[in-house]
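Enquirer:
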């Protein structure tokens, strides 16, 4: 990749990947910055700038090769690697993540769920076992875990993060509606569902603004 | 509000609201731009700029009054209004949204879920009834619906959006992993869970970059 990539570009990368995957599925082999821009609500010059920035795939005037560009962006995103996930909390959100249709295709494989509720522990979701939170450390010792998903109540999230860190897990995808304190060598990406709903509500309140 | 507010500021607004709510719950009555910046990983000058931008609450040197500022941002976000939601799809994601702890507190009230599966229709989730998709139009005629949440399979999402539009619904919160075509007078905010997980994977792949 060509040097420093800004946060704004990184934020847009998954969108590029998603659109290119859809185009590929539709049988499109090549696309211009104009057409890609229309799909993504970006200007053609923004598209060209972004694509130059993450790797000099510029083929101005000829269009971009969909499969090549998708593969390249997939690599930048680390999707060419397998990621093994565990999910803490086997409630609605935990189960939704475990069964989310596109994750396994992108190399994100859930290998276990953890919960404390008697009626959940010992069962399985498809072929994914639901284990007791007490067995978390042992499981991590015996299995490679790349990412832990926090899908448990807010009040339990900080403690869970600390147990995960002690066990050597260094990447957290957090759904608990709280900003967690974490060591610098631990990556934490938050999904604040509320933020997204509030953006909708903002736009509803201001839809008639000049 | 003071004139035009940029998309970047709008994206940050829910974060301000969330942090101010937490501070209020902790009993904090006043906070400096320095302290708020540390919590939100923004510079004090960024904080001051943002807060000036959405309404001249600047009280430099004295700190901001937490409750006042939270109330003000809540109004800008439209959280002082009640929003009535229906959720299409009573699977994991639909149920997670219906039971998400903070939504009702922020004025987002789910009044019905819709599904087509026999074993779900006619039941209820807490006090929220699960209705058949065939009854969607009739329900919307008889009830005020402000927002429809799409939590159904990708292949059914576009058709559902069109039925909702025909019935007069003008705001969609979409969890289906697809960018939906929609008329200009319909607001659509997408939650692409995949994008957020890919950002984590990007940061994992590049954690050792210079």
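Chains as they are written, first to last, in our numbering: chain A, 1 to 210; chain B, 1 to 210.
Ideal placement from N, C-alpha and C gives every residue a C-beta, glycine not left out.
1. Just how far apart, CA to CA, sit residue 114 of chain A and residue 126 of chain A?
2. What is the C-beta distance between residue 147 of chain A and residue 200 of chain B, in whole angstroms, given that I count them as a contact (C-beta under 8 Å)?
3. Residues of chain B with CB under 7 Å from residue 99 of chain A, in chain order?
4. Quick one: list the residues of chain B neighbouring residue 102 of chain A, beta-carbon separation under 7 Å, in chain order.
5. Of all Cβ atoms in chain B, is any one closer than 9 Å to the Cβ of residue 22 of chain A?
6. Consider the Cβ of residue 204 of chain B: report whether some Cβ of chain A lies at a distance smaller than 9 Å.
7. If distances are taken between C-alpha atoms only, which option among A/75, A/142, A/100 and A/95 comes closest to residue 123 of chain A?
8. Which residues share a DSSP beta bridge with residue 115 of chain B?
9. Helix, strand or coil, according to DSSP, for residue 25 of chain B in the structure here?
10. Pair every Cβ in the region 149-165 of chain B with every Cβ in the region 177-193 of chain B, then say whether three or more of these pairs are closer than 8 Å.
11. Under the rule that 16 or more other beta-carbon atoms within 10 Å means buried, what is residue 1 of chain A, buried or exposed?
12. Could you name the residues of chain A that residue 191 of chain B contacts, counting a contact when the two beta carbons are closer than 8 Å?
13. Indicate whether residue 64 of chain A and residue 51 of chain A have their beta-carbon atoms separated by less than 9 Å.
14. Between residue 141 of chain B and residue 166 of chain B, what straight-line distance do the alpha-carbon atoms span, to the nearest angstrom?
15. On a Cα-Cα basis, can you pick out the residue from A/29, A/133 and A/172 that is closest to residue 150 of chain A?
16. Within 9 Å (strictly less), CB to CB, does residue 187 of chain B reach chain A?
17. Pull up the distance between the alpha-carbon of residue 209 of chain A and that of residue 198 of chain A, whole angstroms please.
18. Just by C-beta distance, which residues in the region 157-170 of chain A are closer than 7 Å to chain B?
19. Confirm, please, whether the CB-CB distance from residue 88 of chain A to residue 20 of chain A is below 9 Å.
20. Does residue 41 of chain B pass the burial test, meaning 16 or more other C-beta atoms within 10 Å, or should it be called exposed?
21. Tell me whether the beta-carbon of residue 154 of chain B lies closer than 9 Å to the beta-carbon of residue 177 of chain B.
22. For residue 39 of chain A, would you say it is in contact with chain B, using Cβ-to-Cβ distances shorter than 9 Å as the test?
23. Mind pulling the chain A residues with CB within less than 9 Å of residue 14 of chain B?
24. Answer with yes or no whether the minimum CB distance from residue 2 of chain B to chain A is below 9 Å.
25. Would you list, in sequence order, the uninterrupted alpha helix (DSSP H) runs of no fewer than 4 residues that lie entirely inside the region 122-191 of chain B?
26. Check whether chain A comes within 9 Å of residue 35 of chain B, counting only Cβ atoms and requiring the distance to be less than that.
27. Please identify, using Cβ separations under 8 Å, the residues of the region 71-85 of chain B that lie next to chain A, in order along the chain.
28. Could you have a look at residue 110 of chain B and say whether DSSP puts it in helix, strand or coil?
29. If you drop the 5 nearest sequence neighbours on each side, which residues of the same chain put their C-beta closer than 7 Å to that of residue 12 of chain A?
30. Strictly under 9 Å for the Cβ-Cβ distance: is residue 19 of chain A near chain B by that measure?
31. Out of B/43, B/73, B/32 and B/29, point me to the one whose CA is closest to residue 16 of chain B's CA.
Expert: Concretely, from the data shown:
1. The count along the first chain starts at 1 and reaches residue 114 of chain A at position 114. The count along the first chain starts at 1 and reaches residue 126 of chain A at position 126. About 15 Å.
2. For the purposes of this step, residue 147 of chain A is identified with residue 147 of the first chain, where counting begins at 1. For the purposes of this step, residue 200 of chain B is identified with residue 200 of the second chain, where counting begins at 1. Yes, they are in contact, since the Cβ atoms of residue 147 of chain A and residue 200 of chain B sit about 7 Å apart, within 8 Å.
3. The residue labelled residue 99 of chain A in the question sits at position 99 within the first chain. Per Cβ cutoff of 7 Å: 92.
4. Start at 1 with the first residue of the first chain, and residue 102 of chain A comes out as number 102. Simply 177 and 194.
5. Indexing the first chain from 1 puts residue 22 of chain A at position 22. Judged by the 9 Å Cβ criterion, residue 22 of chain A is in contact with chain B.
6. Counting from one through the second chain, the residue named residue 204 of chain B turns up at place 204. So yes, residue 204 of chain B belongs to the interface.
7. Sequence index remark: in the first chain, residue 123 of chain A carries index 123 (1-based). For residue 123 of chain A, the nearest C-alpha among the options comes from A/95.
8. To locate residue 115 of chain B, count along the second chain from 1; it is residue 115. DSSP lists B/132 as partners of residue 115 of chain B.
9. Taking the second chain and counting its residues from 1, one reaches residue 25 of chain B at position 25. Here residue 25 of chain B sits in helix by DSSP.
10. yes
11. Locating residue 1 of chain A in the first chain gives position 1, where the first residue counts as 1. Any answer about residue 1 of chain A is weak, because its pLDDT of 46 lies below 50 and its placement is not dependable; what the coordinates show is given next. Residue 1 of chain A is exposed by the Cβ-count criterion.
12. Residue mapping note: residue 191 of chain B aligns to position 191 of the second chain, counting from 1. Result: 193 and 196.
13. For the purposes of this step, residue 64 of chain A is taken as residue 64 along the first chain, with counting starting at 1. For the purposes of this step, residue 51 of chain A is taken as residue 51 along the first chain, with counting starting at 1. Yes, the Cβ-Cβ distance between residue 64 of chain A and residue 51 of chain A is below 9 Å.
14. Looking up residue 141 of chain B in the second chain gives position 141. Looking up residue 166 of chain B in the second chain gives position 166. The alpha-carbon atoms of residue 141 of chain B and residue 166 of chain B are separated by roughly 11 Å.
15. For the purposes of this step, residue 150 of chain A is taken as the residue at position 150 of the first chain. Checking every option, the nearest Cα to that of residue 150 of chain A belongs to A/172.
16. Residue mapping note: residue 187 of chain B aligns to position 187 of the second chain, counting from 1. By this cut-off, residue 187 of chain B is an interface position.
17. Within the first chain, residue 209 of chain A is the residue found at index 209, counting from 1. Within the first chain, residue 198 of chain A is the residue found at index 198, counting from 1. Taking the straight line from one Cα to the other gives about 17 Å.
18. none
19. Walking along the first chain from the start, residue 20 of chain A turns up at place 20. Walking along the first chain from the start, residue 88 of chain A turns up at place 88. Cβ atoms of residue 20 of chain A and residue 88 of chain A: not closer than 9 Å.
20. For the purposes of this step, residue 41 of chain B is identified with residue 41 of the second chain, where counting begins at 1. It counts as exposed.
21. As a first step, residue 154 of chain B is located in the second chain; it is residue number 154 there, counting from the start. As a first step, residue 177 of chain B is located in the second chain; it is residue number 177 there, counting from the start. A contact, by the Cβ cut-off of 9 Å.
22. Numbered from its first residue, the first chain carries residue 39 of chain A at position 39. Yes, because at least one Cβ of chain B sits closer than 9 Å to the Cβ of residue 39 of chain A.
23. Here residue 14 of chain B is taken as the residue at index 14 of the second chain, counted from 1. Those are 192, 194, 195, 196, 197, 198, 199 and 202, listed as they occur along chain A.
24. Residue mapping note: residue 2 of chain B aligns to position 2 of the second chain, counting from 1. Low confidence applies here, because residue 2 of chain B scores a pLDDT of 44, under 50, leaving its location unreliable; read the following figure in that light. So, not an interface residue.
25. 136-142 and 154-166
26. As a working note, residue 35 of chain B is residue 35 in the second chain. No, residue 35 of chain B lies away from the interface with chain A (no Cβ there is under 9 Å from its Cβ).
27. 76, 77, 78, 79, 81 and 83
28. In the second chain, residue 110 of chain B corresponds to position 110, counting from 1. Strand.
29. As a working mapping, residue 12 of chain A is identified with position 12 in the first chain. Excluding positions up to five away in sequence, the list reads 50.
30. Taking the first chain and counting its residues from 1, the one referred to as residue 19 of chain A is at position 19. Judged by the 9 Å Cβ criterion, residue 19 of chain A is in contact with chain B.
31. Here residue 16 of chain B refers to the residue found at position 16 when the second chain is read from its first residue. Comparing Cα-Cα distances from residue 16 of chain B to each of B/43, B/73, B/32 and B/29, the minimum goes to B/73.
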